[in-house]
Amino acid sequence: MSRKTERAAKKASKKAEKVIIEEKEEEIPEAVPLEDNFENEVSEEEEIEEVSGEDAEEDAEEEEEEEEEETQKQRAIRPKINDEAAMIRITEEFKLKNLPWIETMTVTSSKPVVVEDATDDMARELAFYEQALEAAKMGRELVKKAGVEFSRPDDYFAEMVKSDEHMAKIRQKLLDQEASIKASEDAKRQRQLKKFGKKVQVEKQLERQKQKSETLEKIKLLKKSKFEHMALERI
């Protein structure tokens, strides 16, 4: 139930109570003491005043709601204003004239965007894409005709916020880092080769010592056999 319906029902119930109170007043009063009768009349008058005050407040609230609804309806049915002639005239008034194209870089599409179904997102976005692509191609050719460079150089690193000297330092730092990494790898390789060379050298020394010991052992055996042969000849 809406607030308006609730207020209407409440107002109707209070009106019914007011009617009942008035009917009671019209009835013949019973014999009661004077003071009690006066108090009852005062209380009934106060109740009537309270009811009338509440009714006035509700009426004011209802009027405010009705005015607000009327305002919303007027806003909803407000006519759309699209004065194309005035917009074109004002655009011509503040348009910059007699300036080279490169100063404004204004590109106008060759044909307006026409979409059969404006609610079709794919068709609408495709039409915008084609219009933007055509404008980009036209702008590229116009910039070339104006003789303005817009392509990035081959040695481009970042947006040209820093000076060329600063960018040269950055490039040299990158080259130094690359050379340091390469030198570290070469040193590591040399250490590995050195370790391998030491190992080979030790193996060769052991082999030589073995050969030397074997040679000495053979010499000893030859000497011993020679002494034995000479001893036998003397006998």
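Residue numbers (the UniProt record's numbering): 1 to 235. Glycine included, each C-beta is placed from N, C-alpha and C at the ideal position.
Limits of the alpha helix (DSSP H) - the one that residue i falls within
i: M87; result: E84 to F94
i: I102; result: W101 to T104
i: K97; result: It is not in any alpha helix (DSSP H) - K97 carries neither H nor E in the DSSP assignment.
i: E125; result: D121 to A146
Check whether residue i and residue j have beta carbons under 8 Å apart
i: G139; j: V107; result: yes
i: A146; j: S109; result: no
Cβ of residue i within 8 Å of any chain B Cβ
i: E68; result: Note that chain B does not occur in the displayed structure, where there is just one protein chain.
Expected contact under 8 Å - CB spacing of residue i and residue j to nearest Å
i: W101; j: L142; result: 6 Å
Handout entry: Stretch-stretch touch, CB-based, cutoff 8 Å, three pairs: the segment 79 to 93 with the segment 131 to 150
Key = no
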